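The next block holds one structure in the form of structure tokens; read it before the comments.
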Amino acid sequence: MDSIPPIPAMRQLHHEYIIRTFSSIKAYPAIDNKLSDGELAKVANIITSLRSKIELSTEIDNNAKYTWLRGVNDLLQGYLANYQSTKVTGTPLSSLLNTYQSAMNEQLTGGSIAPLMKQLDVESAIILTDNFVLASNRGMSAAKDSILVKQCNRNPDKILPILFRSPSTASADSLIVLAAFRNPEELYSYAAAPNALGKKIQSVNHPFVKLVSRLSLTSTGRMYFPFLDQLYTGKLKMDSITKFVGNDTSAGYFSLLVRTRIDYAKRIQMGDTPMAAKVLYNKLKAKSIELYINEINALHNEKSDFVRFKSISKLSPQELYYLAVTGEEEMYTSSFVNGVYPRIFSGMKSPRSDSLLALVNNDQYKKFIKITAAYNKLDDFLSKMDKKDAEQLMRGFVNGLEKTNSLEDAVDVADSYASVYNSALKKLMLSQVQLELKRCIGIKNKRGQVIYELLETIFSSLEPSNKIDLSAKLGIMPIYELPNTYLKDKENGRVVMQQFFYGDKDGMVVFNAFLNKFRNANWKITKKSQWVEVSSRKGTPITIYANLPLDETEELDAASQDSLIAYLHEEKLHPSIVIHRGHSYYLKQTVHKMPSSAKLVLLGSCGGYQSLNEVLEIAPGAHIISSKQIGTGIINQGLINVISEELRLGKNLKWPALWNSLAIRFSGTAKEKFDDYVPPYKNLGAIFITAFNTYMQQEPE
-9 MDSIPPIPAM RQLHHEYIIR TFSSIKAYPA IDNKLSDGEL AKVANIITSL
41 RSKIELSTEI DNNAKYTWLR GVNDLLQGYL ANYQSTKVTG TPLSSLLNTY
91 QSAMNEQLTG GSIAPLMKQL DVESAIILTD NFVLASNRGM SAAKDSILVK
141 QCNRNPDKIL PILFRSPSTA SADSLIVLAA FRNPEELYSY AAAPNALGKK
191 IQSVNHPFVK LVSRLSLTST GRMYFPFLDQ LYTGKLKMDS ITKFVGNDTS
241 AGYFSLLVRT RIDYAKRIQM GDTPMAAKVL YNKLKAKSIE LYINEINALH
291 NEKSDFVRFK SISKLSPQEL YYLAVTGEEE MYTSSFVNGV YPRIFSGMKS
341 PRSDSLLALV NNDQYKKFIK ITAAYNKLDD FLSKMDKKDA EQLMRGFVNG
391 LEKTNSLEDA VDVADSYASV YNSALKKLML SQVQLELKRC IGIKNKRGQV
441 IYELLETIFS SLEPSNKIDL SAKLGIMPIY ELPNTYLKDK ENGRVVMQQF
491 FYGDKDGMVV FNAFLNKFRN ANWKITKKSQ WVEVSSRKGT PITIYANLPL
541 DETEELDAAS QDSLIAYLHE EKLHPSIVIH RGHSYYLKQT VHKMPSSAKL
591 VLLGSCGGYQ SLNEVLEIAP GAHIISSKQI GTGIINQGLI NVISEELRLG
641 KNLKWPALWN SLAIRFSGTA KEKFDDYVPP YKNLGAIFIT AFNTYMQQEP
691 E
């Protein structure tokens, strides 16, 4: 260990600053990355060596000695700041100090500190280049460029935001090219900006960057952007797109999007990754909704299908297919069932499902199966192909569910199984689930094992002879029954129900029908300015709260819902039953506003994965009643009548018996609609989500 030579009194304070900072580093109670005793000993030696060198060096005059001592302290202060903010540095403090010694030598001899950056991680390199003593080093620009490259390598999705701060750095061109291929849409936005980085991007001499830059400077560049890959590879010329760009509401532009997506789908299946494929898909989705879905949805009250679906009458089967798969969340049930689906096949010379999938290169086929299942069209869809092909398709539908991060595909399989009425097909799906379970066990894929075990249990439970107690087997709340006591508010013993009404033309009709059903001796109706309260006079204390369906055009219905929610919160009333009383397009609003206290949720609309998952995130384990097709007021009201009366009489909600009693109340068209409603014990998607979440909560970390 070097010894410190005598220190002149005028520099003793600067040495003391170094000692104090090092003492602060030693004393800091770090939870993670605490410096070892061995590391601290090495650091102490290096600090002593640095102090000694500064005092003894003949290359450093008296004034510069002050400067270098301050530099050492600044370096330690920079490290301490990172240490205290838990900003992890991959470079040991001893290595940083040794590098600083080397940097000092380079600075004193006119050398460059840039090569030293290779020894340091980003945080340590920043501490070094921020050191004011080295500010004049001839290698500073190259050193900072090296740091910027390190930052970009660490955060490849943030290359352009990083470059925005230093657009003239030496490595800018190569980094811009890298960013272009990673995210061409982001490059487009930056290239169009009238700033230093925008100008830098425009100057890069690379064919792909030049193409994006050229598009960014045109007012219609966004319309060309979905076809970026084909423009770059020469498969499309600008002129072939330009004729549609002037009128982007044209069917021609939509058709070009569809044709390009079909081409991309084939390439993706072959392992290729077309550039801007996501941009194209998003544009296709936007145009599907903007040009077609919004219109056929808006005409949902139109009695003539010819009038309602005129806008899609000239679309090809492929184009109609993409309306379905891109617009599933926005499309009304009737728009698909009465419009898009039948027109897909009426537009084909040979109306076969396998021919349809071949036309679109099997793109998004799992999603289309899910959609047909949700709208009770799966059996019809599969009947339009040979039995062998249908079986192969459904095997593919069931396979590989563990390979995605989302549970959506698995939930789609669960829901679809409930919509299959062909016993041979159900048997095939169960058999394939069992094969996939064995495969996942064999490769020790825990996620896949859990997914397929749950599906096997759920599917097998639907066969009465198996006598499977699903709630006991899966460790979830009973699915066949909701106890009366479970639905009562713990504070006041009252069952609180909340209905969400909407202020369109149908809303008031349904609202009045609801009130009329409760105008009897068993119930009392109290009208408030924003809602009504329907309370039981006898039996179990029950109150049904329903907001008034005020004018939707002025958003008064939303305001009445919010007023009721605020009142329930103030009065500490916790609804255990939530009922959606609007069209399917209002469902998101109901789910967004529903309380976490809900134990039973009546959606009355398609209960797809998004809706089921959102409901169960808000109210874990809730029983869900949904419809695979169009929810209707008469069915919803029938459910409400039976549920409220059973509870008023102190009975539990026993779903199989309750469902059977409801089935005989409806006839004709109403019976057909009721058959599309799914009771909680048959809502396989919801059961799967609940079971999976329960399992994951119980699984040790």
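In the working numbering, the protein residues as written are -9 to 691. Glycine residues also receive a C-beta, built at the ideal position from the N, C-alpha and C atoms. Just so we're clear, the structure is a prediction, and the values are computed from it rather than from any experiment.
For the 8 Å CB-CB criterion, I614 and A676 form a contact.
Runs of the beta strand (DSSP E) lying entirely within the stretch 456 to 524 and spanning at least 3 residues, in chain order: 485 to 490, 513 to 517. Taking 8 Å as the upper bound for CB-CB distance, G572 and F490 are in contact here, some 7 Å apart. Exposure of T223 is indicated by the presence of fewer than 16 other C-beta atoms within 10 angstroms of its C-beta. DSSP places I36 within a helical segment (H, G or I) once states are collapsed to three.
A residue is called buried when at least 16 other Cβ atoms come within 10 angstroms of its Cβ; K428 does not meet this threshold and is exposed.
In this structure E113 touches T79 by the C-beta definition: roughly 4 Å separates them, less than 8 Å. When the beta-carbon positions are compared, G317 and I359 stay at least 8 Å from each other. If you check the CB distance, I567 and A548 do not come in under 8 Å. Under the three-state reduction of DSSP output, S340 falls in the coil class, being neither helix nor strand. Residue T580 holds the alpha-carbon nearest to the alpha-carbon of S550 among D229, T580, I117, L383. Non-local beta-carbon contacts of A681 in its own chain, meaning distances under 7 Å to residues more than five positions away in sequence, involve L444, L464, I466 in chain order. DSSP places A20 outside both helix and strand once states are collapsed to three, so it counts as coil.
Pairing I679 with L606 gives a Cβ-Cβ distance under 8 Å. Looking from the CA of N88, the closest CA among G68, L118, S102 belongs to L118. Going by DSSP, I532 is part of the beta strand (DSSP E) stretching over 532 to 537. For S587, the secondary structure class from DSSP, reduced to helix, strand or coil, is coil. A distance below 8 Å separates the beta carbons of V199 and I166. A residue is called buried once 16 or more other Cβ atoms fall within 10 Å of its Cβ, and A511, having fewer, is exposed.
By the criterion of a C-beta distance shorter than 6 Å, L310 is surrounded in its chain by V330, R333, I334, once the five residues flanking it on both sides are discounted.
For the pair P539 and Y492, the CB atoms are nearer than the 8 Å cut-off. Collapsing the DSSP output to three states places K357 in a helix. As computed with DSSP, H570 is found in a beta bridge with F490.
In this chain, I433 is not harboured by any beta strand (DSSP E), its DSSP state being neither H nor E. The beta-bridge partner set that DSSP reports for K644 consists of E471. At the C-beta level, Y322 and N287 come within 8 Å of one another. Residue pairing for I615: DSSP places it in a beta bridge opposite L592. M265 sits close to F171, with the two beta carbons spaced by under 8 Å. At least 8 Å separates the beta-carbon of R638 from that of T475.
A straight-line Cα-Cα distance of about 7 Å links H564 and V486. Note on G438: 16 or more other CB atoms within 10 angstroms of its CB, so buried under the neighbour-count rule. Per DSSP, G623 is one residue of the alpha helix (DSSP H) stretching across 623 to 638. Under the three-state reduction of DSSP, S409 is assigned to coil, being neither helix nor strand.
With 16 or more neighbouring CB atoms inside 10 Å of its own CB, Y671 falls in the buried class. Put simply, of Y535, I569, T543, H570 the residue whose alpha carbon is nearest the alpha carbon of S553 is Y535.
According to DSSP, V668 shares a beta bridge with S616.
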